[in-house]
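Protein chains in written order, with my numbering: chain A, 3 to 167; chain B, 22 to 410.
Ideal Cβ positions, reconstructed from N, Cα and C, are used throughout, including at glycine.
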Amino acid sequence: MDKKEMRIKILKAIEHEARVDVSELAVRLGMDQTAILNEMNEMEKEGIICGYLTLVDWDKTDEQTVTALIEVRCTPQRGQGFDVVAERIYKYAEVNSVYLISGGFDLLITIEGRTLKEISRFVTEKLSAQEAVLSCATHFILRRYKDHGTVLAKKYEDERQLITP
Amino acid sequence: MTDPIAKRVTELKPSGIRKFFDIVNEMKDAISLGVGEPDFDTPWHIRDEGIYSLEKGRTFYTSNSGLKELRSEISRYVEASQGVRYDPLSEILVTVGGSEAIDLACRALLNPGDEVIIPEPSYVSYVPCAVMAGGKAVTLDLKEENEFRLQPEELEKAITDRTKILVLPYPNNPTGAIMEKEDLERIADLIIKNDIYLISDEIYSELSYKEKHVSIISLPGMRERTIYINGFSKAYAMTGWRLGYACGPSLILKEMTKLHQFCIMCAPTTSQYAAIEALRYGQRDVDEMREAYNGRRRFLMNEFKEMGLKCFEPYGAFYVFPCIKEFGMSSEDFCTELLRRKKVAVVPGTAFGECGEGFVRISYAYSIDNLKVALGRIREFIEELKAQA
Numbered sequence: 003m004d005k006k007e008m009r010i011k012i013l014k015a016i017e018h019e020a021r022v023d024v025s026e027l028a029v030r031l032g033m034d035q036t037a038i039l040n041e042m043n044e045m046e047k048e049g050i051i052c053g054y055l056t057l058v059d060w061d062k063t064d065e066q067t068v069t070a071l072i073e074v075r076c077t078p079q080r081g082q083g084f085d086v087v088a089e090r091i092y093k094y095a096e097v098n099s100v101y102l103i104s105g106g107f108d109l110l111i112t113i114e115g116r117t118l119k120e121i122s123r124f125v126t127e128k129l130s131a132q133e134a135v136l137s138c139a140t141h142f143i144l145r146r147y148k149d150h151g152t153v154l155a156k157k158y159e160d161e162r163q164l165i166t167p
Numbered sequence: 022m023t024d025p026i027a028k029r030v031t032e033l034k035p036s037g038i039r040k041f042f043d044i045v046n047e048m049k050d051a052i053s054l055g056v057g058e059p060d061f062d063t064p065w066h067i068r069d070e071g072i073y074s075l076e077k078g079r080t081f082y083t084s085n086s087g088l089k090e091l092r093s094e095i096s097r098y099v100e101a102s103q104g105v106r107y108d109p110l111s112e113i114l115v116t117v118g119g120s121e122a123i124d125l126a127c128r129a130l131l132n133p134g135d136e137v138i139i140p141e142p143s144y145v146s147y148v149p150c151a152v153m154a155g156g157k158a159v160t161l162d163l164k165e166e167n168e169f170r171l172q173p174e175e176l177e178k179a180i181t182d183r184t185k186i187l188v189l190p191y192p193n194n195p196t197g198a199i200m201e202k203e204d205l206e207r208i209a210d211l212i213i214k215n216d217i218y219l220i221s222d223e224i225y226s227e228l229s230y231k232e233k234h235v236s237i238i239s240l241p242g243m244r245e246r247t248i249y250i251n252g253f254s255k256a257y258a259m260t261g262w263r264l265g266y267a268c269g270p271s272l273i274l275k276e277m278t279k280l281h282q283f284c285i286m287c288a289p290t291t292s293q294y295a296a297i298e299a300l301r302y303g304q305r306d307v308d309e310m311r312e313a314y315n316g317r318r319r320f321l322m323n324e325f326k327e328m329g330l331k332c333f334e335p336y337g338a339f340y341v342f343p344c345i346k347e348f349g350m351s352s353e354d355f356c357t358e359l360l361r362r363k364k365v366a367v368v369p370g371t372a373f374g375e376c377g378e379g380f381v382r383i384s385y386a387y388s389i390d391n392l393k394v395a396l397g398r399i400r401e402f403i404e405e406l407k408a409q410a
């Protein structure tokens, strides 16, 4: 197995199972444990692996959270496109993600707050106040059915017969 | 009153798995590693095509051989994977699972008293199909020391003047054994020399973890004497859709289609539409599922090694077939005790032929988490047995 193939296999395995034990991963992938660790370290340094996160369904906790998806139209800056405005936006800690998109809008932002008010304050006072921002459309997320490839709504149940030939 | 049941049916031995199945069913809280079907759902895009066909009102019969479009896709698939072409119009039949194709092949080929060589351990339906078709089932005991691959010497010994068919069940349920190209080449001469026909059941062909699966049809002189059987159940996790197919020389396929026409009419239409989608756009799903099974297979083998359970390394299907002879129990006793004491259900090797004695079949069509819990209990069980001895 070459390095490229090995890296893809590791990434695919840990993308949805960040907490997997490396010695178990080595067995499952038929690779050497040290080799996996080395490769993971390298990929962390190269910025290919950017973090190991936990997928939380906050709705099932007592913690109040509100998530919004904001489409933003803005004027690109000469020589720098949307990079400067994107940076000015992603520096806010409450901003979760910022994407440059095609279509009627330029940026897509997701943001998390504790209350609706908190988010509306961000939109009116911070986001819309940016010079480059022309307009935005804010969508509040009412329910998360699936996130990061994981269905949150329902648990898997094995309905097969116990024994079949 | 006369006996309502035909003698040949009464004489047919019920499936060995049945008795054990009844015991398992009474244990509602048991963890099972006994299932012979994928744990994945059929990929959604395939299910969606089935649903769409229903919405469109495609609820009619198809032609006896199956939708032409589907047969063309099957032809393309077999050619791409094995380099052998079958004419969609005269050499392909869509059946109700691979099982129906096995039955049809036996009935189309066998004259009373013709012998069918069936290597065992293997799937439960070859013997009854051969017998009900008027043939004589000649079972051949495969050996663990050969990784349950069929050896030319074994085959030669089983061949008689009456031998008509050899069943080739690889990748194998229950052992997980495969036959690689060299293994197939070693038996090809014997097959030609003795003028034997083949029923090659390759339902697990996509689940091969060493090299890509090689079918015997790709060897010279084999296509014209082989009924190649495959289907959608294992590769695409479509067991409940009941859809398989047979490919072979038109002379044989014509007669199989005749039988199929009288007893089945046609395979389920909804399933056929879904299967077209599976063959056109399902390869990625197959590859992903294979990767997942392979990870579990390696995991299981490693766990067995650590708990000191003897098992040859299987490279196909989704089963491992560890040897339990060292515990001095029959396979059935072992499985019953494991179920009683630890509430884990695995299948006695004897369900797949007498030579399965001393082995159990463990399926890894389960999530890793599920496997971990079950293996933990098997380890405890084995340690208890060793302490008793």
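Three-state secondary structure (DSSP) of residue i
| i | result |
| --- | --- |
| E136/B | strand |
| D24/B | coil |
| R21/A | coil |
| V235/B | coil |
| Y94/A | coil |
| Q293/B | helix |
| Y218/B | strand |
| G303/B | coil |
| T152/A | strand |
| G377/B | helix |
| Y82/B | coil |
| P369/B | strand |
| C268/B | strand |
Chain B within 9 Å of residue i, Cβ atoms only
| i | result |
| --- | --- |
| V29/A | yes |
| Q79/A | no |
| S103/A | At residue 103/A the sequence reads Ile, which differs from the Ser that was named. For I103/A, the answer is no, since every Cβ of chain B falls outside 9 Å of its Cβ. |
| T36/A | no |
| E114/A | no |
| I16/A | no |
| L13/A | no |
| D4/A | no |
| T69/A | no |
| T152/A | no |
Contact set for residue i: own chain, Cβ-Cβ below 7 Å, skip 5 residues either direction
| i | result |
| --- | --- |
| F325/B | C332 and P343 |
| K346/B | G379 |
| E334/B | M322 |
| L91/B | V115, Q293, A296 and I297 |
Minimum C-alpha distance to residue i - residue among the options
| i | options | result |
| --- | --- | --- |
| P64/B | P289/B, E309/B, P133/B and R92/B | E309/B |
| I237/B | Y230/B, Y225/B, L219/B and S254/B | L219/B |
| L365/B | T371/B, A372/B, G374/B and F355/B | Reading off the sequence shown, one finds Val at residue 365/B, where the question assumed Leu. For the residues T371/B, A372/B, G374/B and F355/B, the minimum Cα distance to V365/B belongs to F355/B. |
| S102/B | L300/B, E174/B, Y336/B and Q409/B | L300/B |
| T117/A | M42/A, Q66/A and G53/A | Q66/A |
| R170/B | P190/B, C287/B and E136/B | P190/B |
| N251/B | N193/B, E90/B and V341/B | N193/B |
| Q163/A | Y387/B, A410/B, I399/B and G397/B | Y387/B |
| I103/A | I72/A, A95/A and F124/A | I72/A |
| T69/A | P167/A, I91/A, L39/A and R145/A | R145/A |
| K214/B | I248/B, L176/B and A198/B | L176/B |
6 Å Cβ shell around residue i - same chain, five flanking residues per side excluded
| i | result |
| --- | --- |
| S36/B | V145 |
| A295/B | I67, E70 and G71 |
| A256/B | E227 and V307 |
| Q79/A | V86 |
Minimum Cβ-Cβ distance from residue i to chain A less than 9 Å
| i | result |
| --- | --- |
| V188/B | no |
| Y144/B | yes |
| E58/B | yes |
| G397/B | no |
| F342/B | no |
| I113/B | no |
Cβ neighbour criterion (16 or more within 10 Å) applied to residue i
| i | result |
| --- | --- |
| K407/B | exposed |
| R39/B | exposed |
| G242/B | exposed |
| I383/B | buried |
| N40/A | exposed |
| L136/A | exposed |
| A133/B | One point to set straight first is that residue 133/B is Pro, not Ala, in the sequence displayed. Flag for P133/B reads exposed. |
| D149/A | exposed |
| E223/B | buried |
| G329/B | exposed |
| I26/B | exposed |
Beta-carbon contacts of residue i that lie in its chain and below 8 Å, excluding the five residues immediately before and after
| i | result |
| --- | --- |
| D62/B | R68 and A258 |
| R21/A | Y54 |
| E405/B | R362 |
| T152/A | H18 and L57 |
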